């Protein structure tokens, strides 16, 4: 083997060792942060949970940020219930102004939790718009709307069950997941940046929009026309 080849091999091995050591250090540091975040000032683990209902009314737009396990369900009454570790309630805000319900969580709160530990249940008669960023897992169920707009950022995951929409508008960026294959939309406009995944079931209308990056769109059902612009490694498939 030539000297240059040996040097390249040694250099490659050295870089690999550095990467492994860096990964171990980062993982150790993250574990320390997660451990600290789940303890109170006395150093004891916080295991007590709390469930609280919030007085809300007359909203059809929901804005979320943070790390939640969310169920948004159509119902005749307006309600919001949060079930979470008791000590983080002072890091959560619930605001209801006009037609907007806004629920926020301090960014530092998300460390040390999975998105099934902080649960949020919302009931409302109509849902015109949903905006979410962070790392929440959201289920939207039972809505019958002429139009619904969804704006997503981060690693949010959204699933739709038994929704019927005249028109769906999706604006999303990041490594999100959006699955409305168990719902139906007559028309849909999809605008994606990043590495997101979208699944839809269409019901005879037009599917259009634009996908940039390595995003993917899979759709089921009939369409009268499909005009989705693709840039980069984007893909559109009719299943």
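In our numbering, the protein residues as written are 154 to 392.
Note that CB positions come from ideal geometry on N, CA and C, so glycine has one too.
Here the structure is a predicted model, which is why all the values come from computation and not from measurement.
In the three-state reduction of the DSSP assignment, residue 348 falls in the coil class, being assigned neither a helical nor a strand state. A direct Cα-to-Cα measurement between residue 308 and residue 339 gives close to 27 Å. Bridge pairing for residue 238: 202 [DSSP].
Membership of residue 226 in the beta strand (DSSP E) is indicated by the continuous run 222 to 227.
If you check the CB distance, residue 362 and residue 349 do not come in under 8 Å. Straight-line measurement puts the Cα of residue 278 at about 13 Å from the Cα of residue 253. Residue 366 is bridged by DSSP to 347. In the structure shown, residue 244 falls within a helical segment according to DSSP collapsed to helix, strand and coil. With a cutoff of 8 Å on beta-carbon distance, residue 316 and residue 333 are scored as near each other. Cβ neighbours of residue 283 within its own chain (closer than 6 Å, five residues either side excluded): 215, 303. The shortest CA-to-CA distance from residue 335 to any of 314, 322, 392 is the one to 314. Per the C-alpha coordinates, the member of 248, 374, 365 positioned closest to residue 385 is 365. Within a 10 Å sphere around the beta-carbon of residue 205 sit fewer than 16 other beta-carbons, which makes this residue exposed. The shortest CA-to-CA distance from residue 387 to any of 294, 211, 243, 344 is the one to 344. The DSSP-derived three-state label of residue 335 is strand.
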